[in-house]
Amino acid sequence: MSAHPTSAPSTDKAAGGLAPVRFLGGLDYSVVQQCMHCGMCLPSCPTYLETKRERNSPRGRIALMRSIADGELPVTREFGEEMYYCLGCLACTTACPAGVDYPVLFEHARAEVESAGVLDTPTRRFWRWLTLRQLFAHPWMLRLAGRLLWLYQASGACRLVREWGLIHLLPKNLRDLEPSTPVVRRRFSDELIAETETPAEIRHRVGLLTGCVQDLVFSDVNRDTADVLLANGCAVETPRSQGCCGSLHAHNGDLEQAREQARRLIDRFDLGRLDAVITNAAGCGSHLKHFAPLLADDPAYADRAREWDRKVRDISEWLVEIGFRAPAPAATGPGPGCRVTYHEACHLCHGQGISAQPRAVLRSIPGLELVELRDATHCCGSAGVYNITQPEQAAKLQAEKVAHIRATGAACVATANPGCHLQIQNGLADPAVPVRHPVSLLAEAYRAEAETPSA
Amino acid sequence: MVVTGRSMDSDAIQALKERLGADRVLTEREDLIPYGFDGTAAIKEPAACVVFPQNTDEVAAVMRLARERGLPVVTRGSGTGLSGGSVPVPGGIVLCLVRMDRILELDTANLTMLCEPGVITKAIDDAAAPHGLFYPPDPGSMKISTIGGNVANNSGGLRGLKYGVTRDYVMGLEVVLADGTVCWLGSKCVKDVAGYSMKDLFVGSEGTLGIITQVLLRLLPRPKAKRTLLATYDSMENAARTVSKIIEGQIIPCTLEFLDRRTCQCVEDFAKVGLPTEAAAVVLMETDGHPAVVEDEAARMAEVARENGALTVELARDEAHALRLASARRSAFAALARIRPTTILEDVTVPRSRLPEMVRYIERMAAEHGLQIATFGHFGDGNVHPTFLTDERDTAEMVKVEAAMEAIFAHTIALGGTITGEHGVGLAKKNFLPAQFGDASMDLLRLVKRSIDPAGLLNPGKIFD
Ligand SMILES: Cc1cc2nc3c(=O)[nH]c(=O)nc-3n(C[C@H](O)[C@H](O)[C@H](O)COP(=O)(O)OP(=O)(O)OC[C@H]3O[C@@H](n4cnc5c(N)ncnc54)[C@H](O)[C@@H]3O)c2cc1C
Ligand code: SF4
Ligand code: SF4
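Protein chains in written order, with the working numbering: chain A, 1 to 455; chain B, 1001 to 1465.
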């Protein structure tokens, strides 16, 4: 067993449970065996389409995982690299008629890779420790980092760093990334949203998840989400200092920390009082809905995790479920409506099967014309930290996505995930074509209607 | 037949790498494991190496090298075959053609298309459509199967009843023989009786006679109209009788697909297209062609369905709904894998008048052996897919599966049917072929194989030993 800080030990003695960490070999065999290798998922897999090599396909990856579960193949470096070449986009899950649970296989495979330490290097160990076990494990630390980054960007220091060539002190892949570093908001969610906000007439009571990246970079989307909920009769409870939901950890082979993050998050909410817990970030949502299997072996949390899973809703899913109110046309000016196209975040359409609802939200907006995007469900290459770990493949997917967006002639791109938002914004590099969350467009339409003198 | 069984040495691999480039010769364990199977349940054999030629010359070069060294070669498309046809042979080369995937010519004057073997089946029809043309064969796997694999297995599809199978569209083939010779067989002529119809020998040869490197396909004008109907029944027999009666009534719709209750439930679970999940049986019917004819045929089919005990007969809401129904049907086999760990699909086919009997027999076998068998299929073609839902690790149950399967094959042959209507013999059904063929026909098969591939290099051990 390697001793690097993020490696999961073979038994998980974390808070409250003695549950063994279930890697591939420990998974219920029916999950491993479920793939009947029909190949129906191959044409939807971006990495297979790129290389036409079976190991880069869902079917091939599952075959390798099964070989490991069966003890026919040891966990090798090649295997590790393959698991990180996979985008985790889950297009294969939508395509698979046999109901293979790829998300679970994928998370356990990456955990297996980390536990074996086959990709381990001192640098990688440091970055994993810093991000997974420090920054994204402690809300205060992430906010502090966010503040520093904001200072760096707002003070003009970033310009100096670039102009003075200090940037060359950074490793190459980080240097390439620097211009695409998201612009941090001056005010985070807790400053924008009160702990409890209530509409005039309360029909539902919901919790609002503020996320981690969303909180730093898109705190305005969180505010918009709260506004839209209020406008639809929902009392909104937004617990302070929520922190990361653990999806980053689960997708990167740190299931132990993912469990810890899940427990902390559940503790923040008074579930019994709430009709739903609302998220507006697709990547978080598809993870948030599966706390029950994650905490199944933890007697102190198993029940609450099941209740949690039952209550988590993506914002557009919730809006459609409660029959949200379509905004009235704004009397002044053209209103927020324009030609908008919609990119489906992988973890919304494939991860949660939510496709129609965001479109329903967009179509409800007066004056907004929704133009369909070719291959709307194809991954944009963001895929968590994929654009950092696999920049080449990520860039190809980004270029394709941008070309399809341009072809629509849309003046605005709607998407419901912070990763996709940044990836597309950086790819477009065009202030004339902003990227917006569907909920922000809806919130704006409500505001425009309120500003209408006659209303 | 001679099975060489010599395994690959580093020398041979080096030679392959020199000829194709190192990146197109895979030898790592992590690369070989995923090529150790195709779509067939419970058949697995690791490959010794996988090569990706990009043109006919390279295929021929690999074949010459294989001959020099006595190495067996298994040709592979997308590996969706259901009889183990592209499962590797011990110590052999897997020759994968997915990178030869160009459409070389679309001849709108002669209504033909020339393709490399790795072109995906659906891409052919997609390329034909904008020109008002149509490539009818549509196997359930068409989004990923290759045309080379389709030709090698003479694959059918949902439209086989009216439009026939892959063979009916093959006008010409380029093949590489076991000694590396390249031959062109056939032509663009609608009529061509020069010599033996050699291309037909290679259609359905399952990679045992030659490697298909180009396919010349016939296209049709695209039908102008289409109507899709869904009828439900409280018994499989009534459904089967409807199918027989439609054909007896001399209506030839393009599709008459049948699904039993279990299949409907699994498909609905996956595709959510509104398939009835309570009825014992569902028949999906589709007619296409001239709008007036289509209207008339749809009405007559609905009538026949009602006369034969249909509980409901429904018309697809619109074109999009019809498409969704057909594509949901295409997922039937894989969707059935939701129930038990191992899904074994058979492919027996009988003369259409014997369908109700066949279906009854399958039901009886399931009951007698205490097995779960779901049934669906291309009923219009007399092609039934009894699908065993089982667990390969349960040896006691697998013995029963074997017994039931043998009985079903025997009964099929007794009804004048065939053990495989479209998936091929491969490894999975080779033990049952002699019972259908008899000694003289088996000898003829072997004679053909020996004269074209005397060293037994191409896909040895498939179809027969
Ligand atoms: C979900 C599903 C649905 C299916 N539905 C149908 C259906 O409706 N109808 C039907 O008929 N089949 C169906 N099949 C079976 C299968 O898809 C077909 O047999 C298909 O033609 C195989 O194509 P492939 O490219 O995957 O070939 P492979 O599986 O790779 O190969 C099949 C055989 O052809 C040989 N071969 C492949 N390429 C060449 C070549 N270029 N030259 C010489 N030999 C070659 C191989 O050696 C092997 O024997 C289905 C399979 C699945 C998994
Ligand atoms: S993951 Fe699903 S679609 Fe892909 S090969 Fe396996 S069973 Fe088929
Ligand atoms: S998650 Fe995406 S990249 Fe990974 S196997 Fe599935 S489809 Fe391919």
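Note that CB positions come from ideal geometry on N, CA and C, so glycine has one too.
- Apart from the 5 residues on each side of it in sequence, B/G1140 sits with its Cβ closer than 6 Å to the Cβ of R1330 in its chain, given in chain order.
- Between A/A305 and A/F324, the beta carbon gap of about 28 Å keeps them out of contact (Cβ cut-off 8 Å).
- Cβ neighbours of A/R359 within its own chain (closer than 7 Å, five residues either side excluded): Y342, L370.
- Exposed is the label assigned to B/N1055, since fewer than 16 other Cβ atoms lie within 10 Å of its Cβ.
- Contact between B/L1433 and B/V1425 is confirmed by a C-beta separation of about 5 Å, below the 8 Å threshold.
- In the DSSP assignment, B/W1184 falls within the unbroken beta strand (DSSP E) covering 1182 to 1186.
- Between the alpha carbons of A/D190 and A/D303 lies a gap of roughly 29 Å.
- Assignment of A/Q390 by DSSP, reduced to helix, strand and coil, places it in the coil class.
- At least 8 Å separates the beta-carbon of A/L368 from that of A/G381.
- Close to chain A, meaning a Cβ-Cβ distance shorter than 7 Å, are the following residues of the region 1073 to 1106 of chain B: S1078, G1079, T1080, V1098, R1099.
- For B/A1334, the residues of chain A that pass the 8 Å Cβ criterion are M36, C38, M40, C96, P97, A98, in the order they occur in the chain.
- Annotation for A/L216: the continuous alpha helix (DSSP H) segment containing it runs 213 to 217.
- Between ligand 2 and A/V100, a heavy atom-to-CB distance of less than 7 Å is present.
- Annotation: B/T1166 has no Cβ neighbours in chain A at a cutoff of 8 Å; minimum Cβ distance is about 18 Å.
- Counting only runs of 4 or more residues that sit fully inside the region 1117 to 1189 of chain B, the alpha helix (DSSP H) segments are 1121 to 1128, 1147 to 1153, 1160 to 1163, in chain order.
- Listed by position along chain A, the residues whose Cβ is nearer than 7 Å to that of B/Y1035 are E54.
- If the five residues before and after A/A282 are omitted, its C-beta is found closer than 6 Å to the C-beta atoms of A345, H347, L348, A416, N417, all from its own chain and listed in chain order.
- Nearest in C-alpha terms to B/G1156, of all of B/E1422, B/A1440, B/D1168, is B/E1422.
- Neighbours of B/R1261 in chain A, taken as residues whose beta carbon is under 9 Å from its own, are absent, since the nearest beta carbon is some 17 Å off.
- Per DSSP, the continuous alpha helix (DSSP H) segment holding B/M1365 begins and ends at 1355 to 1369.
- A contact is defined here as three or more CB-CB pairs under 8 Å, and the region 48 to 61 of chain A fails this definition with respect to the region 1343 to 1359 of chain B.
- With respect to the 8 Å criterion, A/P46 and A/H378 are classified as neighbours on the basis of their beta carbons.
- One Cα belongs to B/D1200, the other to B/Y1169, and the distance between them is close to 11 Å.
- Beta-bridge annotation (DSSP): A/V277 is paired with A/G207, A/V312.
- When Cβ-Cβ separations below 8 Å define contact, B/S1451 makes no contact with chain A.
- In this structure, the CA atom of A/R223 is about 16 Å from the CA atom of A/L319.
- Close to A/R59, with beta-carbon spacing below 8 Å, are these residues of chain B in chain order: P1034.
- Its chain contains P1053, V1176, I1211, T1213 as the residues whose beta carbon lies nearer than 6 Å to that of B/V1059, once the 5 sequence neighbours on both sides are disregarded; these appear in chain order.
- In the three-state DSSP reduction, A/Y342 falls in the strand class (E or B).
- By the criterion of a C-beta distance shorter than 8 Å, A/R187 is surrounded in its chain by S219, once the five residues flanking it on both sides are discounted.
- Sequence-distant Cβ neighbours of B/E1237 in its own chain, meaning closer than 6 Å and more than five residues away, are P1356.
- Counting C-beta atoms within 10 angstroms of its own C-beta, B/K1191 has fewer than 16 neighbours from the protein chains shown and is therefore classed as exposed.
- Ligand 2 never approaches A/H108 closely enough for any of its heavy atoms to be under 7 Å from the residue's Cβ.
- Taking 8 Å as the cut-off, the beta carbon of B/L1229 is found no closer than this to the beta carbon of B/E1257.
- Straight-line spacing of the CA atoms in B/D1101 and B/A1123 works out to 10 Å.
- In the structure shown, B/A1407 falls within a helical segment according to DSSP collapsed to helix, strand and coil.
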